[in-house]
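Below is one structure; the comments refer to it alone.
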Amino acid sequence: MHGTEPHPQRGLVVALDGPASSGKSSVGAEAARELGYRFFDTGLLYRAVTWLALDRKVGSHDEAALVALVDELELAQDDLGHLSRVLADGRDVTDAVRGPEVDANVSAISAVPAVRTALLERQRALAASGRIVMAGRDIGTVVLPDADLKLYLDASVEERARRRTQERHLDPDGPEAGRVLAALRERDRLDTSRPVAPLRPAPDARILVTDGNRFRDTVDLVVGAIRDAEARAASEPADATSPATR
48 MHGTEPHPQR GLVVALDGPA SSGKSSVGAE AARELGYRFF DTGLLYRAVT WLALDRKVGS
108 HDEAALVALV DELELAQDDL GHLSRVLADG RDVTDAVRGP EVDANVSAIS AVPAVRTALL
168 ERQRALAASG RIVMAGRDIG TVVLPDADLK LYLDASVEER ARRRTQERHL DPDGPEAGRV
228 LAALRERDRL DTSRPVAPLR PAPDARILVT DGNRFRDTVD LVVGAIRDAE ARAASEPADA
288 TSPATR
């Protein structure tokens, strides 16, 4: 698809990657809101497939059955226009897909090549019209390798565990906090070592290290990076086309 509108009207395709609990969803959603962009966290789809697989007792080895589950998923917008709700079999399961059982199994389901392939075109179709921030673990490397801007949010596993412990109102010195840290370390190991679409920054991604940042600090970094990219795009020749749409 070749666009004819100037980039500022079209808006950019922004890939926002990073490890678990790096802030992709919350930061990306807030940055998109401020800029008037759409936002989508692709992890929602993988969580929904995982929830359905657990509900239907489908194992990660049964690729055909897992792929069939993908067709049962529908996305819905929230009040801000973000695709943050997911329906499965006609039911809103958005809250259910964020439960601890899904946390424990989503890496295994996400690593199934057929599942990733089945979800790939759906994700690309969402980005086709531009003006979107899409968050995940392989957006800049696999899903949208020609995105206009690639950002990678990073933080130490200890920092990410602290944030998740705080979000869940857990005792930071208690055993549950220790389990959160151990689970994140295991999730990192699985995500970075899987043979298909492993977690890693794209070679041309801008890496934003957020240890010690307040939420607002990181949102400002992302908004600033997108505005800088918009300014660069606006200075290009009028007949230039976005790499994400070529």
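Going by this note's numbering, the letters in the sequence shown line up with residues 48 to 293, in that order. Note that CB positions come from ideal geometry on N, CA and C, so glycine has one too.
Which one of the options has the shortest CA to CA distance from residue i?
{"i": "L255", "options": "R169, V270, A95", "result": "V270"}
{"i": "R138", "options": "P248, D102, A244", "result": "D102"}
{"i": "S154", "options": "P245, F86, R263", "result": "P245"}
{"i": "F262", "options": "A230, D64, S68", "result": "S68"}
{"i": "R215", "options": "F87, S131, P147, D136", "result": "P147"}
{"i": "G259", "options": "L63, G58, G70, A281", "result": "G70"}
{"i": "V96", "options": "A115, G83, K197", "result": "A115"}
{"i": "T164", "options": "D185, V266, N152", "result": "D185"}
{"i": "A100", "options": "I156, S131, A151", "result": "I156"}
{"i": "E205", "options": "L268, R247, T257", "result": "T257"}
{"i": "L200", "options": "L166, R247, A230, D238", "result": "R247"}
{"i": "G187", "options": "R253, A230, W98, S282", "result": "R253"}
{"i": "V123", "options": "R85, W98, A158", "result": "Looking at the sequence shown, residue 123 is not Val but Ala. Among R85, W98, A158, the Cα nearest to that of A123 is on R85."}
Span of the beta strand (DSSP E) holding residue i?
{"i": "L167", "result": "First-last for L167: 160-174, but that is the alpha helix (DSSP H), not the beta strand (DSSP E)."}
{"i": "G183", "result": "179-183"}
{"i": "I254", "result": "253-256"}
{"i": "V243", "result": "Taken as a continuous stretch (DSSP letters only), V243 belongs to no beta strand (DSSP E), as it is neither H nor E."}
I need the boundaries of the alpha helix (DSSP H) containing residue i, first residue and last residue.
{"i": "V74", "result": "71-82"}
{"i": "V144", "result": "Looking at the DSSP string, V144 is not in any alpha helix (DSSP H), and its letter there is neither H nor E."}
{"i": "E110", "result": "110-117"}
{"i": "E283", "result": "Where E283 is concerned, there is no enclosing alpha helix (DSSP H), given that its DSSP letter is neither H nor E."}
{"i": "V294", "result": "For residue 294 there is no data in the structure shown, the boundaries of the chain being 48 and 293."}
Whole-angstrom Cβ separation of residue i and residue j, contact assumed at under 8 Å?
{"i": "L63", "j": "E277", "result": "Their Cβ separation, rounded to whole angstroms, is 15 Å, which puts L63 and E277 out of contact at 8 Å."}
{"i": "L198", "j": "A272", "result": "6 Å"}
Within 7 Å: the Cβ of residue i and any heavy atom of the ligand FMN?
{"i": "L246", "result": "The model on display carries no ligand, and the ligand FMN is accordingly not part of it."}
Cβ contact check for the stretch 61-78 and the stretch 169-181: 3 or more pairs under 8 Å: yes
Secondary structure, beta strand (DSSP E): runs of 3+ residues fully inside the stretch 192-222: 196-201
The stretch 125-141 contacting the stretch 103-114, beta-carbon criterion three pairs below 8 Å: no
Three or more C-beta pairs below 8 Å linking the stretch 156-173 and the stretch 181-199: yes
Sufficient close CB pairs (3 or more, under 8 Å) joining the stretch 222-233 to the stretch 206-214: yes
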